[in-house]
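To start, the structure under review is shown below, and the notes come after it.
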Amino acid sequence: MPESAAQIEQAVTTARLTVPTMALGARPVGAALERQLRPVTDDLTGHVMEDCGHIIPLHRPRALLTLLRPFLAGEDAAAA
2 MPESAAQIEQ
12 AVTTARLTVP
22 TMALGARPVG
32 AALERQLRPV
42 TDDLTGHVME
52 DCGHIIPLHR
62 PRALLTLLRP
72 FLAGEDAAAA
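One gets my numbering by counting positions in the sequence shown from 1 and adding 1 to each.
Quick look at the structure:
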């Protein structure tokens, strides 16, 4: 995680993420990625997948698709 944090910090020194961005976390890291991205993004959606191991697509593929489909379609999460 320290290496990822350094990479994010370096990437945003000259620009912000202005596109819709989704940060997904599971155990053991939880909302760490969301906390790292929050200060440098204009449009961030964060989710922590409960009852999930570290590899979300392997452990909770249906739950992942439930989050990704509306996000990728540009739908409002509150409406989904």
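Using N, Cα and C, we set each Cβ at its ideal position, and we do this for glycine too.
Burial state of residue i, where buried means 16 or more other Cβ atoms lie within 10 Å
{"i": "residue 35", "result": "buried"}
{"i": "residue 15", "result": "exposed"}
Element boundaries [beta strand (DSSP E), containing residue i]
{"i": "residue 65", "result": "Segment 62-73 is the alpha helix (DSSP H) holding residue 65; no beta strand (DSSP E) there."}
{"i": "residue 45", "result": "45-49"}
Residues near residue i by beta carbon distance below 7 Å, same chain, minus five either side
{"i": "residue 32", "result": "26, 47 and 49"}
Counterpart residues of residue i in DSSP-defined beta bridges
{"i": "residue 23", "result": "46"}
{"i": "residue 18", "result": "42"}
Cβ neighbours of residue i in the same chain (closer than 8 Å, five flanking residues each side left out)
{"i": "residue 2", "result": "30 and 33"}
{"i": "residue 65", "result": "25, 50, 57 and 58"}
{"i": "residue 52", "result": "61"}
The alpha helix (DSSP H) enclosing residue i, as first and last residue numbers
{"i": "residue 3", "result": "3-12"}
{"i": "residue 33", "result": "33-38"}
Contact set for residue i: own chain, Cβ-Cβ below 6 Å, skip 5 residues either direction
{"i": "residue 4", "result": "none"}
{"i": "residue 37", "result": "6 and 9"}
Would you say the region 68-75 touches the region 16-26, given that touching needs at least three Cβ pairs under 8 Å? yes
Cβ contact check for the region 3-14 and the region 54-68: 3 or more pairs under 8 Å: no
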